[in-house]
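Here is the structure we will look at.
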Amino acid sequence: MSGAHLTRRLAQTGALVRLARMRRDIARGELAAARAALVEAVAARDAADRAARTLAADQAARRAVLRAPLLRAAQARGALDAVLTTFAADRAREAAAERATTDAALMIEAARADVATAQAALATAERRLDQRDRLRAPIEDARLRARERRDEREADERPLAARRTSA
């Protein structure tokens, strides 16, 4: 192979290596973003879990007060309706809190899947970079050997040229 051809091939593989490095860097950024999203999803789930526990405790305390014996029968009917309405509303709020916790858990699973996808993309980018480096190494070696041979030929020709001019 000629030196120009090797130089051209080396430039081409250099461009491929630079592209592979850019892809690797992008994959690293995506992995970092996916990990940050996972941390946020875990924090959201923990907050939803705490809110659900606090809500359940508050409503249990309120229900205990509402269950206290009532003094009059007329008041009892109205109070009973209020208690039943309160219990239904409490159950609805607790169900909403449980849904929020479940949604947060689903977000965690989605974030974990995104992390796994980003890790796979990073691994692919790393493999491509290694392939490009392995492709570039023999071309670089051939170019260096060609340069050395050319330098040796020039060194061998210099004494001959010097003898011709002096003779």
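All residue numbers for the sequence shown refer to the numbering used here, where the first residue is 22 and numbers rise by one.
Note that the Cβ used here is the ideal one computed from N, Cα and C, for glycine as well.
Cβ distance (whole Å) where residue i is taken to contact residue j below 8 Å
i	j	result
residue 69	residue 125	5 Å
residue 41	residue 146	7 Å
residue 31	residue 157	7 Å
residue 62	residue 128	4 Å
Residue-chain proximity (residue i, chain B), Cβ-Cβ < 9 Å
i	result
residue 130	Structure shown: chain B not included; a single protein chain is present.
Straight-line gap, residue i to residue j (C-alpha atoms, nearest Å)
i	j	result
residue 142	residue 166	36 Å
residue 160	residue 169	14 Å
residue 139	residue 65	21 Å
residue 50	residue 131	18 Å
residue 81	residue 111	9 Å
residue 104	residue 79	15 Å
residue 179	residue 171	12 Å
residue 48	residue 134	15 Å
residue 71	residue 115	12 Å
residue 67	residue 60	11 Å
residue 33	residue 120	55 Å
residue 109	residue 84	11 Å
residue 45	residue 56	16 Å
Contact under 9 Å by Cβ, residue i with residue j
i	j	result
residue 164	residue 27	yes
residue 73	residue 107	no
residue 137	residue 76	no
Practice task
Say whether the segment 139-157 touches the segment 30-50, bearing in mind that this needs 3 or more beta-carbon pairs closer than 8 Å, one atom from each stretch.
Solution key: In this structure the segment 139-157 touches the segment 30-50; the number of beta carbon pairs closer than 8 Å is three or more.
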